[in-house]
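full-length UniProt numbering numbers the first residue of the sequence shown as 1 and each following residue consecutively.
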Amino acid sequence: MSLEAYDYFLPEELIAQEGVEPRDRARMLVVHREGPFRAEHRQVRDLPEYLRPGDVLVFNESKVIPARLLAQRPTGGRVEVLLVRERTPGLWEALVGPGRKAKPGTRLRFLSPRDLRVVPDLEAEVVGVEEDGVRLLRFQGDLMAHLEEVGEVPLPPYIKAKIPPERYQTVYARRPGSVAAPTAGLHFTPELLARLRGMGVELRFLTLHVGPGTFRPVKGDPEEHEMHPEPYEIPEETAEAINRAKKEGRRVVAVGTTVVRALESAFREGMGVVPGMGETRLFIRPPYAFQVIDALFTNFHLPRSTLLMLVAAFLGYEKTMEAYRLAVAERYRFYSLGDAMLIL
């Protein structure tokens with residue numbers, strides 16, 4: 001299917017600039033996969049009405065790191081660095097702009113974003129350039145120990161408002177490593193989690209560290225698009241709970257597209273979801289045979305994006321585009337800090 005098929009009209013004022021408070025007061029469009037298109041307009045706090053005791057609700061507990069850094073070259077010129085992932089201890093993949101100012105051999109010193117002073121005891125050297133322009137930075141000094149001092153949380157470019165950093169974290173985030181939030185989880189409050197647990201829903205967690213590749217624009221033929229690798233880890237107890245639920249006919253509900261990609265990547269025929277660490281480049285688009293998930297809680301995604309294509313693979317293309325047209329007509333709030341969609 002062509003890239004243009006995944007386009008839709010979105011008025012700019014529907015792009016959410018701040019999150020609803022309390023978080024679970026965001027709106028939730030409930031769409032059913034079976035039968036003709038039907039949708040319900042609810043709030044996230046109504047989620048317990050759609051889940052059953054025994055459902056396994058799976059979350060991504062990755063935590064956003066302050067991955068946007070400002071660096072100074074030996075000439076005094078500045079470049080912006082976006083950390084992507086740590087390849088080996090001390091060696092990071094990063095996007096550097098402008099890239100022509102960061103050739104191999106360039107040494108970088110890092111500035112405090114608050115007062116622009118050079119932070120001592122932390123430097124990096126550009127030691128390589130990948131085919132896609134990603135730079136390899138070798139750090140001297142303890143990056144993680146300095147990260148809060150030199151880094152800022154990299155909000156998506158469509159969020160123009162200043163928001164507190166904690167509003168771009170899930171309440172259960174505990175594994176640092178993402179450069180963007182797994183945003184479906186931003187809707188959950190401790191109280192909602194307690195209600196779900198109290199009604200017999202199993203809450204399980206995994207980690208997929210979100211990289212910029214998740215949001216990399218698709219250009220041209222979607223069949224030619226390649227995803228950047230993203231690391232994931234599925235604990236043994238999470239894999240066991242999911243595999244047990246599948247055998248017993250209970251539902252597995254994914255909170256967010258990152259959970260979907262981690263679980264589908266870890267599935268092995270005859271074994272189910274295999275626990276442990278891995279790396280995924282999985283690009284889910286129609287047609288795709290889902291092996292693990294039975295329902296999906298997600299946000300409203302950008303036109304022409306890999307995330308919208310994943311939703312279309314699960315819900316069906318026609319119903320997905322109809323749901324998005326309805327959401328626009330009903331003035332739902334879109335993207336990272338916007339409203340939610342539950343697909344059953």
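The C-beta atom is built at its ideal place from N, Cα and C for all residues, glycine as well.
Exposed unless 16 or more other CB atoms sit within 10 angstroms - verdict on residue i
i      : result
His301 : buried
Glu233 : buried
Asp142 : exposed
Pro104 : exposed
Arg117 : exposed
Thr183 : buried
Gly272 : buried
Glu166 : exposed
Ala289 : exposed
Asp294 : buried
Thr258 : buried
Ser62  : buried
Arg114 : exposed
Pro48  : exposed
Glu93  : buried
Arg204 : buried
Ala329 : exposed
Gly220 : exposed
Ala194 : exposed
Arg87  : exposed
Gly270 : exposed
Ala298 : Checking the sequence, you will find Thr at residue 298 rather than Ala. Thr298 should be labelled buried.
Val35  : Val is not the amino acid found at residue 35; the sequence shown has Gly there. So Gly35 counts as exposed.
Thr238 : buried
8 Å CB neighbourhood of residue i in its chain, flanking five on each side removed
i           : result
residue 356 : With the chain covering 1 to 344 only, the question about residue 356 has no answer from this structure.
Gln122      : The sequence given here has Leu at residue 122, not Gln. The answer, listed in chain order, is Arg109, Phe110, Phe139, Gln140, Gly141, Asp142, Leu143, His146, Val150.
Leu326      : Leu29, Ala39
Tyr332      : Leu14, Arg27, Leu29, Phe300, Gly338, Asp339
Tyr317      : Met1, Ala5, Pro286
Neighbourhood of residue i by C-beta distance below 6 Å, restricted to the same chain and skipping five residues each side
i           : result
residue 382 : Outside the displayed range of the chain (1 to 344) lies residue 382, so it cannot be described from this structure.
Lys319      : Phe37
Leu51       : Val201
Met277      : Glu233
Arg281      : Met227, Pro229
Val260      : Ala254, Ile293
Leu308      : Tyr6, His301
Gly177      : Ser62, His209
Residue range of the unbroken alpha helix (DSSP H) whose run includes residue i
i      : result
Ser265 : 257-266
Beta-carbon separation (whole angstroms), residue i vs residue j, contact threshold 8 Å
i      : j      : result
Ile159 : Leu337 : 7 Å
Val210 : Val179 : 6 Å
Thr306 : Phe283 : 6 Å
Val84  : Val96  : Going by Cβ atoms, the distance from Val84 to Val96 rounds to 10 Å, so no, they are not a contact pair.
Val126 : Pro98  : Incorrect: roughly 13 Å between the Cβ atoms, too far for contact.
Leu3   : Pro212 : Contact doesn't hold; Cβ gap of about 19 Å is too wide.
Glu279 : Pro231 : 5 Å
Ala161 : Gln17  : 4 Å
Thr106 : Arg68  : Wrong, their Cβ atoms sit about 19 Å apart, outside the cutoff.
Pro303 : Met199 : No, Pro303 and Met199 are not in contact; Cβ-Cβ is about 36 Å, not under 8 Å.
Gly77  : Lys101 : 6 Å
Arg250 : Val56  : 7 Å
Met341 : Ala312 : Contact doesn't hold; Cβ gap of about 12 Å is too wide.
Pro66  : Glu148 : 6 Å
Beta strand (DSSP E) segment containing residue i, residue limits
i      : result
Arg114 : Per DSSP, Arg114 belongs to no beta strand (DSSP E) and is neither H nor E.
Phe290 : Unbroken run through Phe290: none, as it is neither H nor E.
Thr306 : Where Thr306 is concerned, there is no enclosing beta strand (DSSP E), although the alpha helix (DSSP H) it sits in stretches over 306-315.
Ala295 : 295-299
Gly97  : 91-97
Glu86  : 78-88
Gly276 : 276-280
Lys63  : 62-64
His41  : 39-43
Gln17  : Neither: Gln17 is in no beta strand (DSSP E) and is coded neither H nor E.
Glu28  : The sequence shown places Met at residue 28, rather than the Glu named in the question. Taken as a continuous stretch (DSSP letters only), the beta strand (DSSP E) holding Met28 covers 27-31.
Pro176 : 175-178
Leu69  : 68-72
Ile343 : 340-343
Residues near residue i by beta carbon distance below 7 Å, same chain, minus five either side
i      : result
Val292 : Ile242, Val252, Leu263, Glu264, Phe267, Val273
Arg197 : Leu203
Pro190 : Val171
Phe314 : Phe290, Leu296, Ile343
Tyr168 : Val64, Val153, Leu155, Ala181
Thr207 : Asn60, Glu61, Ser62, Arg175, Tyr232, Glu233
Gly90  : Arg138, Phe139
Asp46  : Met28
Review point. Fully enclosed by the region 198-244, which beta strand (DSSP E) runs are 3 residues long or longer?
Key: 202-208, 230-234
Practice item. Starting from the N-terminal side, write out each stretch of the beta strand (DSSP E) that is 3 residues or longer and does not extend beyond the region 107-173. Key: 107-111, 118-129, 135-140
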